[in-house]
Each structure stands twice: as structure tokens, then as C-alpha cells.
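Numbering (this note's numbering), first residue to last: 17 to 262.
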Ligand SMILES: Nc1ncnc2c1ncn2[C@@H]1O[C@H](COP(=O)(O)OP(=O)(O)O)[C@@H](O)[C@H]1O
Ligand SMILES: [Mg+2]
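Here it is as C-alpha cells:
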């Protein structure tokens, strides 16, 4: 099983939209995919029509004997399951901090999912916290959406420093998010980003069909597969699959 966290310290940059659409693309590709909604806001769960709230959500991560796998739910898509968000995740930092070896515990919990899944995608909250630190130290790769703006690029630098300081060797996979090619700055900064070999080459366009996921409550490819944004998420997934050697 491979694990991929979608994370950055910026909010509103397309993490959840990417997590949901990429999880759907991976599932469509035949991988048994689990989307883990770690953000107490529960947007990923909402997009997949899964009501948030699970009894014992935090304990299932921090306590040794409770099985995380018991909380996994099916979605309406083949091969795609979800660990829904719970508002109690807002206390996950404190709970992890009170756990003896939080990273080891988290890693064991993730391992416990390996027999039934080929890929876990974690939709993370936009914070620098013990939760994100623990996730980053555990997963195989961190996917980072970057809107082509000077501030986003500065954030990417901070995030990279943070990840390298954690020092457990997760692959860093930045990609361009919400790109609007009518904007000169998006063109210029987008090209500058793509000169960096770490960047995934597929960019996700700014598109109203992605915004409308709040209404359709489905991945874009499930409702409008021929839209450029749907094709872009599929292409981005294929590139990630290759980079992660899945
Ligand atoms: N490619 C895109 N094109 C247009 N709007 C987008 C795109 N990706 C995300 N959005 C919109 O931007 C907002 C934040 O996106 P979201 O995926 O929730 O980001 P995050 O998880 O980083 O906070 C949402 O309203 C979403 O619909
Ligand atoms: Mg989000």
C-alpha cells in the first residue's frame, strides 16, 4: 500500500478538490483507494456525500486496540472508500501529543489499512501542527498544490524546509493548482515552477466545474468526464502513479 498526503500550510489552494478527484481517478484505474478526510471541516466527506461524524474517530487513531479499519465506509464509486472527517479531529493534536510515540502509533494505524487498500490519500488540514508533522513523517509522498503567485511560491519554500527538517524522506510532489492562463503572472510564474524538476508537469486549470463540486457533490470525472479539468486530474493522477512507482 502507498500513502499520499495532500498538504500545505495554505488554505483554499485546492487540496481537498485534488484529494477527491485524484482518489476517484486512482479508484477508476482499479486501485483499491481510501480517501482519509483528516480535516475537521469535512469538505472531502461532503463532496462524496458522506455525512461527517464518527463515534471514536480520534481514539481510533491514538489508541492501540481500536481498529481504524472499522470506520472505513464505502462510497458510491467502485474501489473508492472513505474514512470520513469528524469534528473531534480538531483535538487530534492534543490527543496525539498525549500518545507515547505518536508517529509510531500513526504509522501502525496506517499499516493496519494495508491489507484492504492499495492507496491511501490523506486530505490534511492546512496547519503546521503535530498532526501534519506526524502525517509527513509517515507517508510515502506529499502532494502540494501551488497557485502561481509569489506568496504561494514562498509558502512552497517554507513547506519544503519543514518537510526536509522532518527528515524521513517523503517525496515532495508540488503541482500547479487553479491556473488561469489569461493571467500574465500565472503564465510567468507557472513556467518558472515547471523549470523545477520536482514539479509535476500537469497543471490543474481554474475551472467552474471544480467549484461546482459543492453542488454536484461528485468528482468532476464522474459528472463531466470530458471537461478539461476532469482530464487534467486524470493526467495528474497518471503522473503521480509513475512518480510514486505504483
Ligand atoms: N481548479 C479549481 N478551479 C476553480 N476553483 C477551484 C479549483 N480548485 C479548488 N477550487 C475552489 O477553491 C476553493 C478551495 O478549494 P479546496 O479544494 O477546498 O482547497 P483547500 O482544501 O486547499 O482549502 C473551493 O471553493 C473550491 O471549489
Ligand atoms: Mg481542504
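Note that the Cβ used here is the ideal one computed from N, Cα and C, for glycine as well.
Coarse secondary structure for residue i, derived from DSSP in three states
| i | result |
| --- | --- |
| residue 158 | strand |
| residue 47 | coil |
| residue 195 | strand |
| residue 179 | helix |
| residue 77 | helix |
| residue 109 | helix |
| residue 15 | With the chain covering only 17 through 262, there is no way to say anything about residue 15. |
| residue 85 | helix |
| residue 101 | coil |
| residue 20 | strand |
| residue 29 | coil |
| residue 53 | strand |
| residue 136 | strand |
| residue 207 | helix |
| residue 127 | helix |
| residue 216 | coil |
| residue 221 | strand |
| residue 147 | helix |
Alpha-carbon to alpha-carbon, residue j and residue i
| i | j | result |
| --- | --- | --- |
| residue 182 | residue 159 | 16 Å |
| residue 162 | residue 85 | 32 Å |
| residue 232 | residue 224 | 12 Å |
| residue 150 | residue 107 | 14 Å |
| residue 201 | residue 135 | 35 Å |
| residue 35 | residue 253 | 10 Å |
| residue 122 | residue 92 | 28 Å |
| residue 215 | residue 132 | 31 Å |
| residue 79 | residue 154 | 17 Å |
| residue 195 | residue 29 | 11 Å |
| residue 176 | residue 170 | 10 Å |
| residue 185 | residue 44 | 29 Å |
| residue 33 | residue 222 | 11 Å |
| residue 59 | residue 116 | 30 Å |
Same chain, Cβ closer than 6 Å to residue i, five either side skipped, listed in chain order
| i | result |
| --- | --- |
| residue 229 | 63 |
Residue i versus the options, residue with shortest Cα-Cα distance
| i | options | result |
| --- | --- | --- |
| residue 192 | 132, 245, 232 | 245 |
| residue 226 | 169, 124, 31, 104 | 31 |
| residue 70 | 52, 102, 98, 56 | 102 |
| residue 167 | 27, 17, 19 | 27 |
| residue 248 | 25, 29, 38, 171 | 38 |
| residue 148 | 114, 194, 109, 170 | 109 |
| residue 96 | 243, 66, 179, 198 | 66 |
| residue 20 | 152, 203, 89, 88 | 152 |
| residue 98 | 25, 61, 124, 142 | 61 |
| residue 255 | 218, 241, 138 | 218 |
| residue 49 | 206, 198, 138, 189 | 138 |
| residue 104 | 114, 73, 94 | 73 |
| residue 55 | 189, 180, 143, 220 | 143 |
Close Cβ partners of residue i (< 8 Å) along its chain, the five nearest in sequence each way excluded
| i | result |
| --- | --- |
| residue 187 | 156, 157, 158, 259, 260 |
| residue 83 | 76, 128 |
| residue 57 | 101, 141 |
Close Cβ partners of residue i (< 7 Å) along its chain, the five nearest in sequence each way excluded
| i | result |
| --- | --- |
| residue 118 | 112, 146, 150 |
| residue 250 | 41, 237 |
Worksheet item: Is the segment 237-244 close to the segment 208-215, with three or more CB pairs under 8 Å?
Response: no
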